[in-house]
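Protein chains in written order, with our numbering: chain Y, 54 to 217; chain F, 54 to 217; chain U, 54 to 217. Just so it is clear, CB atoms sit at the ideal spot from N, CA and C, and this is done for glycine as well.
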Amino acid sequence: MVYREEINMQSNEGLPTFHDVTQPAKDAVERSGITNGIVVVYSHHTTCCVIIDECAFDTIPNGLYTLQQDFVDAMEKIMPAFTKDGMYRHPGPKAREFGFEHGEDEKTSRNTDAHLRSSLVGRSETIVVFDGQPDLGEFGHIYFVDFDQTRARSRTLQIQVIGE
Amino acid sequence: MVYREEINMQSNEGLPTFHDVTQPAKDAVERSGITNGIVVVYSHHTTCCVIIDECAFDTIPNGLYTLQQDFVDAMEKIMPAFTKDGMYRHPGPKAREFGFEHGEDEKTSRNTDAHLRSSLVGRSETIVVFDGQPDLGEFGHIYFVDFDQTRARSRTLQIQVIGE
Amino acid sequence: MVYREEINMQSNEGLPTFHDVTQPAKDAVERSGITNGIVVVYSHHTTCCVIIDECAFDTIPNGLYTLQQDFVDAMEKIMPAFTKDGMYRHPGPKAREFGFEHGEDEKTSRNTDAHLRSSLVGRSETIVVFDGQPDLGEFGHIYFVDFDQTRARSRTLQIQVIGE
Numbered sequence: 054m055v056y057r058e059e060i061n062m063q064s065n066e067g068l069p070t071f072h073d074v075t076q077p078a079k080d081a082v083e084r085s086g087i088t089n090g091i092v093v094v095y096s097h098h099t100t101c102c103v104i105i106d107e108c109a110f111d112t113i114p115n116g117l118y119t120l121q122q123d124f125v126d127a128m129e130k131i132m133p134a135f136t137k138d139g140m141y142r143h144p145g146p147k148a149r150e151f152g153f154e155h156g157e158d159e160k161t162s163r164n165t166d167a168h169l170r171s172s173l174v175g176r177s178e179t180i181v182v183f184d185g186q187p188d189l190g191e192f193g194h195i196y197f198v199d200f201d202q203t204r205a206r207s208r209t210l211q212i213q214v215i216g217e
Numbered sequence: 054m055v056y057r058e059e060i061n062m063q064s065n066e067g068l069p070t071f072h073d074v075t076q077p078a079k080d081a082v083e084r085s086g087i088t089n090g091i092v093v094v095y096s097h098h099t100t101c102c103v104i105i106d107e108c109a110f111d112t113i114p115n116g117l118y119t120l121q122q123d124f125v126d127a128m129e130k131i132m133p134a135f136t137k138d139g140m141y142r143h144p145g146p147k148a149r150e151f152g153f154e155h156g157e158d159e160k161t162s163r164n165t166d167a168h169l170r171s172s173l174v175g176r177s178e179t180i181v182v183f184d185g186q187p188d189l190g191e192f193g194h195i196y197f198v199d200f201d202q203t204r205a206r207s208r209t210l211q212i213q214v215i216g217e
Numbered sequence: 054m055v056y057r058e059e060i061n062m063q064s065n066e067g068l069p070t071f072h073d074v075t076q077p078a079k080d081a082v083e084r085s086g087i088t089n090g091i092v093v094v095y096s097h098h099t100t101c102c103v104i105i106d107e108c109a110f111d112t113i114p115n116g117l118y119t120l121q122q123d124f125v126d127a128m129e130k131i132m133p134a135f136t137k138d139g140m141y142r143h144p145g146p147k148a149r150e151f152g153f154e155h156g157e158d159e160k161t162s163r164n165t166d167a168h169l170r171s172s173l174v175g176r177s178e179t180i181v182v183f184d185g186q187p188d189l190g191e192f193g194h195i196y197f198v199d200f201d202q203t204r205a206r207s208r209t210l211q212i213q214v215i216g217e
């Protein structure tokens with residue numbers, strides 16, 4: 054048996070956006086009627102990813118939870134935000150031209166860091182479902198992360214439940 | 054068809070713990086009777102993860118295999134063990150209070166590095182099953198990794214087999 | 054319902070090899086007849102991984118796309134190519150002996166970086182399928198990556214489609 058829900062979210066400009074999608078995932082599992090199987094929480098986008106972590110409770114002035122900013126800080130060490138030319142090879146001339154033809158501009162085409170982070174962290178999480186619940190423990194939260202800091206836009210997440 | 058097994062393990066204090074769960078995963082696939090599908094090996098915990106790698110044969114004095122310590126060394130470069138205040142923003146005051154109400158103390162609440170590593174590495178591995186076997190090749194081993202070095206405790210792993 | 058295809062590829066020596074396996078994955082989903090479910094794109098090897106990213110259009114002299122080299126550059130920061138002894142603990146004496154008995158030599162046994170990168174990046178990607186298509190968006194490409202730079206060889210990828 055397969056059951057799918059799609060949710061849409063709005064991302065921010067100027068910093069990575071974290072959306073807590075724990076409740077939507079739990080709701081989808083419940084509505085699916087599937088009691089044993091898996092739920093795949095999947096980002097449609099090549100600059101986004103899905104992670105699981107505990108809720109950190111404390112926020113910092115930019116609105117992120119402390120643990121989210123710690124995660125971004127770690128990413129900055131290997132795939133820093135694209136702040137000046139020469140940091141990355143991508144986008145080259147053809148990619149820039151392709152981007153410009155598809156609605157990007159000088160600013161939004163500089164999201165190389167987000168592509169790299171998405172590839173590294175991974176585009177989805179697969180969570181075991183049993184007794185009708187995703188196995189997240191007492192403290193596990195699912196976050197959809199948009200690493201593209203160059204612009205605010207609408208984002209899509211798929212929640213696919215498979216089982217019996 | 055869906056088949057699940059749960060295994061429990063004991064983690065160590067003072068260093069990350071690696072448990073080889075290759076045989077339990079193979080056994081679960083065999084007991085499931087599923088010959089084609091996937092097996093999801095899934096950590097219940099927000100400070101743990103699951104990886105696949107070859108067995109390294111050689112151990113170092115702390116008991117880890119060489120390749121496991123090499124992996125930990127790489128993690129140390131971006132998400133170093135929480136050894137002094139100020140390294141991480143998390144846990145903030147609310148997270149500390151919440152933790153203390155749930156059995157943590159000053160020492161065990163300093164496991165931020167383990168949370169970050171778990172989010173980055175990923176909480177599960179999905180392995181293709183065919184001819185009644187997980188496709189691990191001749192040398193592939195599945196390891197459950199507990200990155201929380203602050204205390205020894207009991208840990209749970211789910212092995213979910215889906216297929217026909 | 055479960056449907057599987059296996060594809061074989063040739064990797065290069067001297068740099069990581071990226072194979073675009075988007076079309077084979079789409080073809081497998083179509084041939085499976087499965088319209089809703091998941092497709093798991095899975096590397097058989099402990100030195101390889103699977104990632105999703107956009108196509109970068111521009112290549113550099115070594116043949117990689119700009120974005121691929123940016124990804125390799127980021128990996129180099131934490132798990133650099135094994136270029137001199139002492140960089141890694143693995144392979145130790147037992148691993149070297151085991152490798153030599155299984156066709157490796159001094160050069161090919163120095164692929165520790167590839168093992169570490171494979172564990173970190175992850176051995177597979179799970180992609181949601183609906184309306185008979187993997188949900189890759191307009192720009193998503195699936196790449197099989199062989200991080201082992203020590204020799205050219207034949208590599209195997211599994212494409213497992215599960216659903217209804």
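Reduced DSSP secondary structure (H/G/I, E/B, other) of residue i
i              : result
T136 (chain F) : coil
S171 (chain Y) : helix
T189 (chain Y) : For the record, residue 189 (chain Y) in the displayed sequence is Leu; it is not Thr. Three-state result, L189 (chain Y): coil.
D166 (chain Y) : helix
G152 (chain Y) : helix
I131 (chain F) : helix
D126 (chain F) : helix
S207 (chain Y) : strand
D199 (chain F) : strand
E59 (chain Y)  : strand
T70 (chain F)  : strand
T112 (chain Y) : strand
Proximal residues to residue i (C-beta, below 6 Å), its chain only, five neighbours per side dropped
i              : result
N65 (chain F)  : A205
E178 (chain Y) : V94, V103 and I105
H97 (chain F)  : T209
R57 (chain F)  : Q213
M132 (chain F) : D166, L169 and R170
Beta-ladder partner(s) of residue i, from DSSP
i              : result
E107 (chain U) : U:G193
G216 (chain Y) : Y:G90
I180 (chain Y) : Y:V92
M54 (chain F)  : DSSP output for M54 (chain F) lists no bridge partner at all.
Y118 (chain U) : U:T112
Contacts around residue i, its chain only, beta-carbon distance under 8 Å, and the 5 residues preceding and following it disregarded
i              : result
E107 (chain U) : L120, F192, G193 and H194
V55 (chain Y)  : Q213, V214 and I215
T88 (chain U)  : V182, F183, D184, G185, G216 and E217
L117 (chain U) : L68, P69, F71 and V125
I113 (chain U) : T119 and Q122
F153 (chain U) : S162
Own chain, CB closer than 7 Å to residue i, minus 5 neighbours either side, in chain order
i              : result
F135 (chain Y) : Y141, R163, N164, T165 and D166
G90 (chain U)  : V182, V214, I215, G216 and E217
M128 (chain F) : R170
V174 (chain U) : C102 and I104
S85 (chain U)  : Y56 and V214
N115 (chain U) : L68
H143 (chain U) : T165
Practice prompt. Pair every Cβ in the stretch 114-126 of chain U with every Cβ in the stretch 154-161 of chain F, then say whether three or more of these pairs are closer than 8 Å.
Written response: no
Discussion item. I want to know whether the stretch 192-203 of chain F touches the stretch 55-70 of chain F - three or more CB-CB distances under 8 Å.
Written reply: yes
Worksheet item: For the stretch 127-143 of chain Y, which residues have a CB atom closer than 7 Å to at least one CB atom of chain U, in sequence order?
Response: I131, M132, Y141, R142 and H143
Practice prompt. May I ask you to verify whether the stretch 73-85 of chain F touches the stretch 182-189 of chain F, counting CB pairs closer than 8 Å and requiring at least 3?
Written response: yes
Discussion item. Output needed in chain order: residues of the stretch 60-74 of chain Y with a Cβ under 9 Å from some Cβ in chain U.
Written reply: none
Worksheet item: Which residues, in order along the stretch 163-187 of chain U, keep a beta-carbon less than 9 Å from a beta-carbon of chain Y?
Response: L173, V174, G175, E178, T179, I180, V181, V182 and F183
Worksheet entry | the stretch 105-118 of chain Y: positions lying closer than 7 Å to chain F by Cβ | I105, D106, E107, A109, F110, D111 and I113
Worksheet item: Taking any Cβ of chain U, which residues in the stretch 94-105 of chain Y have a Cβ under 8 Å from it, in chain order?
Response: Y95, H97, H98 and T99
Worksheet entry | Contact set between the stretch 201-213 of chain U and chain Y, restricted to residues whose Cβ is under 7 Å from the partner | none
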